[in-house]
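Novice:
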């Protein structure tokens, strides 16, 4: 009888250990589920609130048949916490925070004479002729391309986007974004 009682006792101990392990596992699963739902709720709420305040999104006025050098005019600007238009002018952006920015754009352009035409878009600090970022544009037909670059900009400076065409190049549409990469940190 002792042998049977010993086996039965060990089975009961194993069953108790298994119940404790399963209860602990269920608690961990429940905690992970609660954290996942909490994080998901906050992320979806932030997305619903719209665009980040740290970005500036610019829609340029369509340029028609420009044959000479020129500064692009801004048609619409939104989310301008870290930067904004200079005195509501439509060709310069005032930088509020020193630091790295990512410049990204979608450019549609075409050749007016169906031959290979070239041009360049440059981000420049006002008063300086050295570009911060340059994008080469070459085509013989209508093309839309995305471009991006990282630029280090200083506070209290003004920047503008210049277009230098050659050989009949025309920009039909440009959408530009400029995002501050340090988030809300603006100490410099």
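In our numbering, the protein residues as written are 36 to 223.
Note that the Cβ used here is the ideal one computed from N, Cα and C, for glycine as well.
Could you have a look at residue 45 and say whether DSSP puts it in helix, strand or coil?
Specialist: In the structure shown, residue 45 sits in a helix (DSSP, three-state: H, G or I).
Novice: Classify residue 229: buried if its beta carbon has 16 or more other beta carbons within 10 angstroms, exposed otherwise.
Specialist: The displayed coordinates of the chain run from 36 to 223. Any statement about residue 229 would go beyond what the structure contains.
Novice: With DSSP run on the structure shown, which of helix, strand or coil describes residue 178?
Specialist: Strand.
Novice: Skipping 5 residues on each side, what residues in its chain have a beta carbon closer than 8 angstroms to that of residue 203?
Specialist: Cβ within range, chain order: 102, 146, 147, 148, 150 and 152.
Novice: For residue 56, which three-state DSSP category applies?
Specialist: Here residue 56 sits in helix by DSSP.
Novice: Work out the CA separation of residue 78 and residue 189 for me, nearest whole Å.
Specialist: Distance between the alpha carbons of residue 189 and residue 78: 31 angstroms.
Novice: Just mark residue 128 as buried or exposed, buried being the case when its beta carbon has 16 or more other beta carbons within 10 Å.
Specialist: Label assigned to residue 128: buried.
Novice: Under three-state DSSP, which class holds residue 212?
Specialist: If DSSP states are grouped into helix, strand and coil, residue 212 belongs with the strands.
Novice: Can you tell me the Cα-Cα spacing of residue 108 and residue 75, whole angstroms?
Specialist: For residue 108 and residue 75, the distance between alpha carbons rounds to 39 angstroms.
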